[in-house]
Amino acid sequence: MGPAGSGKSTYCSTMVQHSETLNRSVQVVNLDPAAEHFDYPVMADIRELIQVDDVMEDDSLRFGPNGGLVFCMEYFANNFDWLEESLGHVEDDYILFDCPGQIELYTHLPVMRQLVEQLQQWEFRVCGVFLVDSQFMVESFKFISGVMAALSAMVSLEIPQVNIMTKMDLLSPKAKKEIEKYLDPDMYSMMEDNSDTIRSTKFKKLTQAICGLIDDYSMVRFLPFDRTDEEGINIVLQHIDFSIQYGEDLEFKEPKENEEEPANLNYDEIFQGKVDS
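full-length UniProt numbering numbers the first residue of the sequence shown as 1 and each following residue consecutively.
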């Protein structure tokens, strides 16, 4: 999830490529009826069910882009059987749902919440991944706006959520250093640094209240995402795996029979660091 242009499709593409190097199967479902193209294979595409262009061209509906997308998503919510048939059943499914970017889908419309509940009924473990563009977050007030968008999705969907700052590879060295304070922010000190720029007393109090909510409850933190950094991608993947408990029910692999235990090995000395293991 995330605003338009935050890098959702790029994230999916990167995760598919990264998982291939790990010999791990990852499938992608496109849920954006206005998508034009993507550079990864999809196991299901909502455009096979309904497309925004078709809705906008319908003379009886006469929707614009936003109204057309809302109509498409509500139509999708009434046809979850199409999704169930498209998903099929494969053991240890790991599926990325590439969602639309309109924020109203995660705030005051029930569509995404209905999708989450339906997936849970199908015994999927669901984790939300909320993306924001790091280039947008390098200023404190823009950062607060991004945090509130992530928080609204978290409150609306009521599922574990991993928040990510994307496009870190596009930042200048100076901007990368500047953005570190936003990954694990001290909201009160951030307010003090910008107190001189706020002239309205009411706006200052509102901003302080929002910062207090974020800081006191530690509800939103961000992970950096650089598509060229394998270690960083692994860290993001580990956070998501932990959220959905992925791999906990996989079978333990027994050691091969010819891998016998070395004779006369002193385990006490190993734990004391006396034997090079």
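Cβ coordinates follow ideal geometry from the N, Cα and C atoms, glycine included.
Where residue i sits in the DSSP three-state scheme
{"i": "residue 44", "result": "strand"}
{"i": "residue 234", "result": "helix"}
{"i": "residue 242", "result": "helix"}
{"i": "residue 100", "result": "coil"}
{"i": "residue 228", "result": "coil"}
{"i": "residue 213", "result": "helix"}
{"i": "residue 66", "result": "helix"}
{"i": "residue 32", "result": "coil"}
{"i": "residue 55", "result": "helix"}
{"i": "residue 13", "result": "helix"}
{"i": "residue 116", "result": "helix"}
{"i": "residue 175", "result": "helix"}
{"i": "residue 155", "result": "helix"}
{"i": "residue 1", "result": "coil"}
{"i": "residue 223", "result": "strand"}
{"i": "residue 162", "result": "strand"}
{"i": "residue 71", "result": "helix"}
Local Cβ density within 10 Å of residue i, reported as buried at 16 or more and exposed below that
{"i": "residue 15", "result": "buried"}
{"i": "residue 21", "result": "exposed"}
{"i": "residue 222", "result": "buried"}
{"i": "residue 23", "result": "exposed"}
{"i": "residue 141", "result": "exposed"}
{"i": "residue 76", "result": "buried"}
{"i": "residue 266", "result": "Summary for residue 266: the model assigns pLDDT 48, below 50, so the residue's position carries little reliability, and this model does not support an answer."}
{"i": "residue 6", "result": "buried"}
{"i": "residue 131", "result": "buried"}
{"i": "residue 252", "result": "Any reading at residue 252 needs caution, since the residue's pLDDT is 45, under 50, leaving its predicted position unreliable; the model's value is listed next. Counting Cβ neighbours within 10 Å, residue 252 comes out exposed, since fewer than 16 surround it."}
{"i": "residue 256", "result": "Caution applies to residue 256, whose pLDDT of 46 falls short of 50 and renders its modelled position unreliable; the model cannot decide the point."}
{"i": "residue 185", "result": "buried"}
{"i": "residue 88", "result": "exposed"}
{"i": "residue 47", "result": "buried"}
{"i": "residue 155", "result": "exposed"}
{"i": "residue 166", "result": "buried"}
{"i": "residue 32", "result": "buried"}
{"i": "residue 177", "result": "exposed"}
{"i": "residue 258", "result": "With a pLDDT of 46 at residue 258, under the threshold of 50, the modelled position of that residue is not reliable, and the figure given next carries that caveat. Exposed, by the Cβ-count rule."}
{"i": "residue 280", "result": "A query on residue 280 cannot be resolved here, the shown segment of the chain reaching from 1 to 277 and no further."}
Closest by C-alpha distance to residue i, when choosing among the options
{"i": "residue 366", "options": "37, 44, 72", "result": "Past the edges of the chain, shown from 1 to 277, lies residue 366, and the structure says nothing about it."}
{"i": "residue 225", "options": "79, 239, 216, 219", "result": "239"}
{"i": "residue 106", "options": "1, 124, 162", "result": "1"}
{"i": "residue 27", "options": "136, 119, 94", "result": "94"}
{"i": "residue 191", "options": "148, 206, 177, 111", "result": "206"}
{"i": "residue 213", "options": "244, 144, 175", "result": "144"}
{"i": "residue 157", "options": "63, 232, 230, 128", "result": "128"}
{"i": "residue 245", "options": "125, 38, 99, 108", "result": "125"}
{"i": "residue 18", "options": "146, 247, 243, 234", "result": "234"}
{"i": "residue 41", "options": "154, 175, 96", "result": "96"}
{"i": "residue 210", "options": "149, 181, 173, 247", "result": "149"}
{"i": "residue 163", "options": "115, 138, 175, 219", "result": "219"}
{"i": "residue 85", "options": "49, 8, 236", "result": "49"}
{"i": "residue 171", "options": "160, 136, 147", "result": "136"}
Supposed contact pair residue j and residue i - C-beta distance, whole angstroms, cut 8 Å
{"i": "residue 102", "j": "residue 66", "result": "6 Å"}
{"i": "residue 227", "j": "residue 169", "result": "6 Å"}
{"i": "residue 44", "j": "residue 83", "result": "7 Å"}
{"i": "residue 215", "j": "residue 188", "result": "6 Å"}
Hey, which unbroken runs of the alpha helix (DSSP H) at 4 residues or more fall wholly within the stretch 118–152? As far as the stretch 118–152 is concerned, it has no whole alpha helix (DSSP H) run of at least 4 residues.
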